[in-house]
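If you count by my numbering, then the sequence shown holds residues -2 to 162, one letter each, in order. Just so it is clear, CB atoms sit at the ideal spot from N, CA and C, and this is done for glycine as well.
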Amino acid sequence: MPCYDQGVAGAAKTNAMRILEGLGIAFEARAYPVGDEHQDAAAVAALLGVDADCVFKTLVAHDEKGVPLVFCVPGSAELDLKKAARAAGAKKIDLVPLKDLTPLTGYVRGGCSPLGMKKKLPTWIDELALAFDRIHVNAGMRGMQVLLTPGELARACGASFADLV
């Protein structure tokens, strides 16, 4: 499957999109029908008609000291907590409880973007992103993705690439 779809005219603008525009980063908005709150990245990829490997989900974790950390991994993969801890220079990390996601990031489950969180958090993108010309990440709301180059995503959120899966 391709990483591209036909696009959406008149898509709602999110804070993540405003950040990209402010940085002069080219992106395309991609809307999809919202299912229940447990709709995963693989389901979103299917709705967009693209490969799940190029739809990157945003996961929020914390290290043993409670420092929040952000990881973007392919929709078809699971975050390897040991690899993520190594990338972050931590002894151990755990995903934040769902109840803490919105207060920490300003985003709800299924609408979490690595861009435009309440505070800029240390962020890593799985190195598999570099295999694609462009990848999808959440645009900051359920039902909306942005499509952009992995390098521009890293620049926009100050991320590093690492082996995370």
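66 is the residue among 15, 43, 66 whose C-alpha sits nearest the C-alpha of residue 117. For residue 22, there is no enclosing alpha helix (DSSP H), as DSSP gives it neither H nor E.
The secondary-structure analysis by DSSP pairs residue 12 with nothing; it has no beta-bridge partner. DSSP places residue 161 outside both helix and strand once states are collapsed to three, so it counts as coil.
Between the region 121 to 129 and the region 89 to 109, the count of C-beta pairs closer than 8 Å stays below three; the two stretches do not touch. Assigned with DSSP and collapsed to three states, residue 137 falls in strand. Around the beta carbon of residue 46, a 10 Å sphere encloses fewer than 16 other beta carbons of the protein chains shown; the residue is thus reported as exposed. In this structure, the CA atom of residue 105 is about 8 Å from the CA atom of residue 138. The beta carbon of residue 59 is closer than 6 Å to those of 65, 93 in its chain, skipping five residues each way along the sequence.
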